[in-house]
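Encoded as structure tokens, the structure appears first; notes follow it.
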Amino acid sequence: MKKLVALVLALCLALGMASFASADELPTLDQILLGENTDLAAKIHFAYHRTDRKELLEGYVAKFNETYPNIEVEYELITDYAENALLRIGNNDWTIMGIPTVDKDELSKYFVPLGSLEVLDGLYNFMSDKSFDGICYGLPSTGNANGVLYNKAVFAAAGITELPKTPDEFIADLKLIKEKTDAIPLYTNYAAGWTMGAWDAYVGVASNGDPAYMQQVLPHAKDPFAKQADEGTGPYAVYKILYDAAAEKLIEEDYTTTDWEGCKGMMNRGEIGTMVLGSWAYTQMQEAGDKPEDIGYMAFPITVNGKQYAPAGGDYNFGINVQATDDEKLASLYYLKWLTHESGFTFVEGGVPIDKNGEYPELYAAFAGIDMLADEPALEGEATLLNELNSESELNINAGGNTKVQEIVEHGFNGTKDFDEIMADWNEAWSDAQATLKVTVNE
Amino acid sequence: MSTVQSPLRKRRINWQKIALIVAFAIVPLFLLILFTYVPFLKMIQFSFYNMSYTKNKGFVGLDNYLRVFTKSEYVDAMLLSLYYMAGAVVQLSLALFFASILSLERIRGNGVFKAIMFFPFLVNGIAIGYIFKYFYTRGFVLDSVLQALGFQLESLPYWLRDQSVNNWSLVFTSVWKYCGQNMVLFIGAIASIDPALYEAATIDGANRWQQFKAIILPGIKTVFMLNLILSITGSLSAFEPAYVVGSMGANGTATFFIKIHQMAHVSQKVGQACAMAMVLMALILIFTVLQRLFFRYVMKDSDNTFNAKANKAKTLW
Numbered sequence: 067m068k069k070l071v072a073l074v075l076a077l078c079l080a081l082g083m084a085s086f087a088s089a090d091e092l093p094t095l096d097q098i099l100l101g102e103n104t105d106l107a108a109k110i111h112f113a114y115h116r117t118d119r120k121e122l123l124e125g126y127v128a129k130f131n132e133t134y135p136n137i138e139v140e141y142e143l144i145t146d147y148a149e150n151a152l153l154r155i156g157n158n159d160w161t162i163m164g165i166p167t168v169d170k171d172e173l174s175k176y177f178v179p180l181g182s183l184e185v186l187d188g189l190y191n192f193m194s195d196k197s198f199d200g201i202c203y204g205l206p207s208t209g210n211a212n213g214v215l216y217n218k219a220v221f222a223a224a225g226i227t228e229l230p231k232t233p234d235e236f237i238a239d240l241k242l243i244k245e246k247t248d249a250i251p252l253y254t255n256y257a258a259g260w261t262m263g264a265w266d267a268y269v270g271v272a273s274n275g276d277p278a279y280m281q282q283v284l285p286h287a288k289d290p291f292a293k294q295a296d297e298g299t300g301p302y303a304v305y306k307i308l309y310d311a312a313a314e315k316l317i318e319e320d321y322t323t324t325d326w327e328g329c330k331g332m333m334n335r336g337e338i339g340t341m342v343l344g345s346w347a348y349t350q351m352q353e354a355g356d357k358p359e360d361i362g363y364m365a366f367p368i369t370v371n372g373k374q375y376a377p378a379g380g381d382y383n384f385g386i387n388v389q390a391t392d393d394e395k396l397a398s399l400y401y402l403k404w405l406t407h408e409s410g411f412t413f414v415e416g417g418v419p420i421d422k423n424g425e426y427p428e429l430y431a432a433f434a435g436i437d438m439l440a441d442e443p444a445l446e447g448e449a450t451l452l453n454e455l456n457s458e459s460e461l462n463i464n465a466g467g468n469t470k471v472q473e474i475v476e477h478g479f480n481g482t483k484d485f486d487e488i489m490a491d492w493n494e495a496w497s498d499a500q501a502t503l504k505v506t507v508n509e
Numbered sequence: 003m004s005t006v007q008s009p010l011r012k013r014r015i016n017w018q019k020i021a022l023i024v025a026f027a028i029v030p031l032f033l034l035i036l037f038t039y040v041p042f043l044k045m046i047q048f049s050f051y052n053m054s055y056t057k058n059k060g061f062v063g064l065d066n067y068l069r070v071f072t073k074s075e076y077v078d079a080m081l082l083s084l085y086y087m088a089g090a091v092v093q094l095s096l097a098l099f100f101a102s103i104l105s106l107e108r109i110r111g112n113g114v115f116k117a118i119m120f121f122p123f124l125v126n127g128i129a130i131g132y133i134f135k136y137f138y139t140r141g142f143v144l145d146s147v148l149q150a151l152g153f154q155l156e157s158l159p160y161w162l163r164d165q166s167v168n169n170w171s172l173v174f175t176s177v178w179k180y181c182g183q184n185m186v187l188f189i190g191a192i193a194s195i196d197p198a199l200y201e202a203a204t205i206d207g208a209n210r211w212q213q214f215k216a217i218i219l220p221g222i223k224t225v226f227m228l229n230l231i232l233s234i235t236g237s238l239s240a241f242e243p244a245y246v247v248g249s250m251g252a253n254g255t256a257t258f259f260i261k262i263h264q265m266a267h268v269s270q271k272v273g274q275a276c277a278m279a280m281v282l283m284a285l286i287l288i289f290t291v292l293q294r295l296f297f298r299y300v301m302k303d304s305d306n307t308f309n310a311k312a313n314k315a316k317t318l319w
């Protein structure tokens, strides 16, 4: 009996030491080289949300296995991803996952550090988003620039020769589309919900050209949703476009029964004029029918001091489970590096490349002369402030706050509430949250 | 001696019994405690904290509860259950009506009717949601049927868009689903009534309505109460129709249950959501008790047959 206990103890100690020793040895993303260590054997369980890209992703695994035959990658593609990931984040039943909304100071609790922000920022785009205290915990899957999808044929039929640059021009063009074509000028995708939350993406860079706005200015702003002195800019102008479009009946007639899958084909066939979605949607619209050449992408119609801006940022970031074994962690690093450098995923998906030397797909042709800016990280010690304000105010800007945007459509369409009143409500919610969290407010 | 022995023997037998009961019950009890009572107690605890899934931001006392009653949006959401309660009344009346007809009259194809009425209950709630989403879409099923009946499309409302009708549209889906189930329960209860009573009533010259009032209604009292309580509590915690058909509670269809879901999963205010869940539970309890009291009162009044009076007299004496 004593022997057994001793044996078990020794084994535990040895295992503990082993894991300690190699935890120090885990290299960072910039240190590893693809093509080395090819006999590494491990199994990777990859939780991700792109249910529509099963074949593509599994094809990548096959290609990756040509170099690393002993690393087995199994994809679990989840429809209701954001919620599911949040519930499972503390488990050990995944090796790599797309990082859900987590406070930045908690990243280290769940994810393996990938390297220092200082080094990785020079090699990859959008690294600051999932970093904390100068350490990166996530590598973006692809990058998105946010603008507006439009159908070139519809625009031509409506006689629109120049892309709109201001909210007024945009609304005027929507009216032209309604007058001269049978297409739905602006398809809101109201029923899907998250497609409405997508409007939040334009509150930052696109509406005021300031990359610091989202993370640094907004948390301290007094009444951020109020009408700004420079008319046609700021968050107010973004949501006003939606309100006006709904009020002028420039959106789909029965918006409560819209169908996300169906809208792709409608866009492709020219039954829809515009849709406000990130660049990731571009390829899907092209693939949905026979007229991929008709799909166009333009910057959001707000001009700040004569210049248009496009917010760009990482899509879901990949993170590696801290609870995984060392071999699994290392294998995951190789796979993530391979995905970023070799797979061509971002190009195929019409995304902004993550690899700084990567190639831009042609959808960004219309973005010539437009500044693509990524949000700057939060000020020191405020990494979680925006999340907390979002939660406290229940506005959830850029964090699944779909309901509030849907309400804009309802009130606009039914005329049940003035736009200024809605914005005043939001300002109140924001101020209350700032007061509760004792945030200093800059007048 | 024998008077001392027998309780002892009894006790020995009880031990064996207890051992057996424990052996059989321990697994289900363990699961019940682990997955029902522990989470429930945790929920009570969480409801006094300001916390998200990953972070506890501190004890806040009754703040979470106060907010539920002071914010108009939650009160509005609770009032939405009134639609579903109205639906529940219609649903129960219809179910009782069909159950009585199918039980009292010898209708050919009796079983087929029952099966057809019961079928919706077997369909998954989410599937029903999708069926009705297309059912209500402009120009789809409902509109086509109504047009075939001579209605003009222009005069029809948008079933899900118009806020004056959309909650009724959702309530209808739930009535459609549960009516058959209620009916089957009623039929079961009616079947347990002694058919000789109808015969006797017929001989006494009672018509169908009188038979229904005097024989069926008192005979199915318990099942009726059960159905009513289930429907009303179901109305208070309505979720599926508004979530699936109503696009996750958009357009003024967000029930209290949906608000809880949004609070916990979108705003990640777990403490607040737990407090809301506790309030909902309290409401359901209150409603159940109120219903029981109400019906005890009503039934007492309607029970004034000669026998009941005689019994009362006896107990008084």
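Heads up: the sequence lines are chains A and B, in that order. Here our numbering is used: the first residue of the first sequence is 67, the next is one more, and so on. Here our numbering is used: the first residue of the second sequence is 3, the next is one more, and so on. Using N, Cα and C, we set each Cβ at its ideal position, and we do this for glycine too.
Since residue i meets chain B, which of its residues come closer than 7 angstroms, beta carbon to beta carbon?
i       : result
S457(A) : S54, S269, Q270, K271
In terms of residue numbering, what span does the beta strand (DSSP E) encompassing residue i cover?
i       : result
Q374(A) : 373 to 380
F112(A) : 108 to 114
Y141(A) : 137 to 143
F61(B)  : 58 to 61
D437(A) : 437 to 440
N191(A) : Per DSSP, N191(A) belongs to no beta strand (DSSP E) and is neither H nor E.
Y51(B)  : 51 to 53
Could you pull the DSSP bridge partners for residue i from this structure?
i       : result
N387(A) : F177(A)
A211(A) : A378(A)
N508(A) : A287(A)
S197(A) : C202(A)
L183(A) : Partner(s): none; L183(A) has no beta bridge.
N217(A) : I361(A)
Measure from the alpha carbon of residue i to the alpha carbon of each residue in the options, then state which is nearest.
i       : options                            : result
P93(A)  : E149(A), Q472(A), P179(A)          : P179(A)
I137(A) : D276(A), A287(A), A397(A)          : A397(A)
A295(A) : A272(A), E319(A), N371(A)          : N371(A)
A434(A) : A365(A), I488(A), E476(A)          : A365(A)
P277(A) : W260(A), G300(A), F291(A), I162(A) : G300(A)
Y176(A) : T56(B), F26(B), F71(B)             : T56(B)
P419(A) : M280(A), D381(A), L308(A)          : D381(A)
M262(A) : A287(A), K244(A), I317(A)          : I317(A)
S207(A) : W346(A), A264(A), Q281(A), G259(A) : W346(A)
A279(B) : P159(B), L43(B), V114(B), S105(B)  : L43(B)
T391(A) : D96(A), L99(A), L106(A)            : L106(A)
Alpha helix (DSSP H) containing residue i: first to last residue?
i       : result
T31(A)  : As displayed, chain A neither begins before 67 nor continues past 509, which places residue 31(A) out of reach and without an answer.
N468(A) : 468 to 480
V77(B)  : 74 to 81
M45(B)  : 40 to 48
M489(A) : 485 to 502
N112(B) : 112 to 124
L402(A) : 392 to 407
P233(A) : 233 to 246
I262(B) : 258 to 267
Chain A partners of residue i, CB-CB under 9 angstroms?
i       : result
R140(B) : E319, D320, T323
N58(B)  : Within 9 angstroms Cβ-Cβ: nothing; N58(B) doesn't reach chain A, min ~12 angstroms.
Q154(B) : Under the 9 angstroms cutoff, chain A gives no residues; its nearest Cβ is about 16 angstroms from Q154(B).
Residues of chain A with CB under 8 angstroms from residue i, in chain order?
i       : result
L162(B) : D320, T322, T323
M185(B) : Per Cβ cutoff of 8 angstroms: no residues; M185(B) is ~30 angstroms from chain A at best.
N209(B) : In chain order: nothing, as chain A lies at least about 48 angstroms away.
What in chain B is Cβ-close to residue i, meaning under 9 angstroms?
i       : result
G298(A) : None at all; the shortest Cβ gap to chain B is about 28 angstroms.
Y256(A) : S249, A252, N253
D169(A) : S54, T56, K57
T469(A) : M250, G251, A252, A256, Q264, V268
Residues of chain B with CB under 8 angstroms from residue i, in chain order?
i       : result
N480(A) : Q165
E476(A) : Q165, A252, N253, G254
E314(A) : Per Cβ cutoff of 8 angstroms: no residues; E314(A) is ~16 angstroms from chain B at best.
Starting from the beta carbon of residue i, find every residue of chain A whose beta carbon is closer than 7 angstroms, and list them in chain order.
i       : result
M250(B) : G259
K135(B) : T323
Which complete alpha helix (DSSP H) runs does the segment 279 to 333 of chain A hold, if anything under 4 residues is left out? 300 to 313
Sequence ranges, beta strand (DSSP E) only - wholly within the segment 327 to 368 of chain A, length at least 3: 338 to 341, 361 to 365
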